[in-house]
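In what follows, a single structure is set out as structure tokens and then discussed.
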Amino acid sequence: MTDTIIETPDKTPDAAIENRIHGIGVREISTDHSGSWLEAGWRDFKRTPAIGLSYGAFCVLAGWLVVLSIFRTGQPYLTLPLAAGFMLLAPLVAVGLYETSRRLEMGENATLWHSLNGFRRNPGQIGAIGVVLMLFFLAWTRIAMLLFALFYNGTVPSLDVLVWETFFSRDAITFLITGSILGGALAIIVFAISVVSIPLLVDRDVDVITAVIISVSAFKKNWKVLIGWAAVIAILSACGMIAFMFGLAVIMPLLGYSSWHAYRGIIDTSEADVARLRRQVP
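Position one of the sequence shown corresponds to residue 31 (the working numbering), numbered consecutively onward.
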């Protein structure tokens with residue numbers, strides 16, 4: 031297979047762009063763009079419903095298997111922490127959706143097979159950031175287990191009193207506040223390093239260090255807008271999990287497509303000296 035250089039014009043930046051890396055710069059976004067990103071993501075979803083629903087169904091099935099496994103191993107208390115931890119790994123799952131939006135933007139055919147091309151682009155670099163995200167996920171799981179042990183005297187609540195002990199007991203408020211602060215801190219770190227780095231690795235021939243540096247720079251430059259975007263992602267994801275996770279079948283691909291448009295809105299590649307590559311697939 032061969033690689034072909036593809037270029038498409040970028041959007042006009044909102045403000046002057048400085049400190050480019052490999053010619054890639056970060057736009058300063060002064061107003062909330064969550065609505066426009068979601069609208070663009072919804073257009074992509076409607077154009078490729080089979081792809082979106084396939085990835086969404088995968089997330090629902092994976093969620094069911096995880097919940098089943100933790101109940102079978104007698105660890106139902108991990109249900110909520112693992113649901114929150116899903117947000118740490120979601121950007122990696124969405125690689126195929128980024129590729130789909132990328133192909134639509136470039137006027138190319140987009141099928142489920144083509145979407146898998148995203149995982150074959152920069153596989154080593156995408157794999158490296160996947161390892162980083164997995165380490166954060168494992169760290170959060172360990173923290174959650176330690177918090178339960180700390181607040182419940184080395185034991186964990188049984189299933190019949192789990193909800194009461196977690197939300198309504200004497201120590202529930204302190205437990206939830208502590209867990210929210212620690213989980214929130216990890217989530218912000220993961221969001222900062224992945225918000226544009228993974229789409230960038232799918233889109234351009236850059237290494238993971240460069241992609242993470244650009245992503246953190248984008249977060250620092252637009253943290254107010256991006257915190258709002260992260261809140262939108264968290265709220266919609268939580269809504270998708272309420273009814274036995276069925277909502278994720280639509281919410282997950284919608285957010286994946288929308289995150290691609292967030293990347294395109296924040297990152298300026300009009301002067302990039304790294305090629306935009308497309309691997310030919312049948």
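Quick reminder that beta carbons are idealized off the backbone N, C-alpha and C, glycines included.
No experiment lies behind these values; they were computed from the predicted model shown.
- Note that the C-beta distance between Leu118 and Trp170 is below 8 Å.
- Residue burial is scored here from C-beta neighbours: Ile156 has at least 16 other C-beta atoms within 10 angstroms and is therefore classed as buried.
- In the DSSP annotation of this structure, the continuous segment of the alpha helix (DSSP H) that includes Glu135 starts and ends at 125 to 135.
- Under DSSP, the beta-bridge partners assigned to Val56 are Ile297.
- Per DSSP, Asp233 is one residue of the alpha helix (DSSP H) stretching across 227 to 233.
- Closest by C-alpha distance to Phe116, out of Arg77, Met271, Ile219, is Met271.
- Under the DSSP definition of a beta bridge, Ile51 partners with Ile54.
- Per DSSP, Arg102 has no beta bridge partner at all.
- Three or more beta-carbon pairs separated by less than 8 Å link the segment 62 to 82 to the segment 131 to 149, which places the two stretches in contact.
- Here Asp201 is exposed: its Cβ has fewer than 16 other Cβ atoms, across all protein chains shown, within 10 Å.
- Beta-bridge partners assigned by DSSP to Arg306: Arg234.
- Counting of Cβ neighbours within 10 angstroms places Thr103 among the exposed residues, the total staying below 16.
- His52 and Gly154 have their C-alpha atoms roughly 19 Å apart.
- By the criterion of at least three beta-carbon pairs nearer than 8 Å, the segment 270 to 284 is not in contact with the segment 56 to 66.
- A Cβ-Cβ separation of about 15 Å leaves Ile296 out of contact with Leu231 under the 8 Å criterion.
- Within a 10 Å sphere around the beta-carbon of Lys251 sit 16 or more other beta-carbons, which makes this residue buried.
- Between Val97 and the set Ala174, Phe88, Ala113, the nearest pair of CA atoms involves Ala113.
- Runs of the beta strand (DSSP E) lying entirely within the segment 154 to 195 and spanning at least 3 residues: none are present.
- Membership of Thr204 in the alpha helix (DSSP H) is indicated by the continuous run 202 to 224.
- Taking all protein chains in view, the Cβ of Arg151 is crowded by 16 or more other Cβ atoms within 10 Å, so the residue is classified as buried.
- Burial check for Glu69: the Cβ neighbour count within 10 Å stays below 16, so the residue is exposed.
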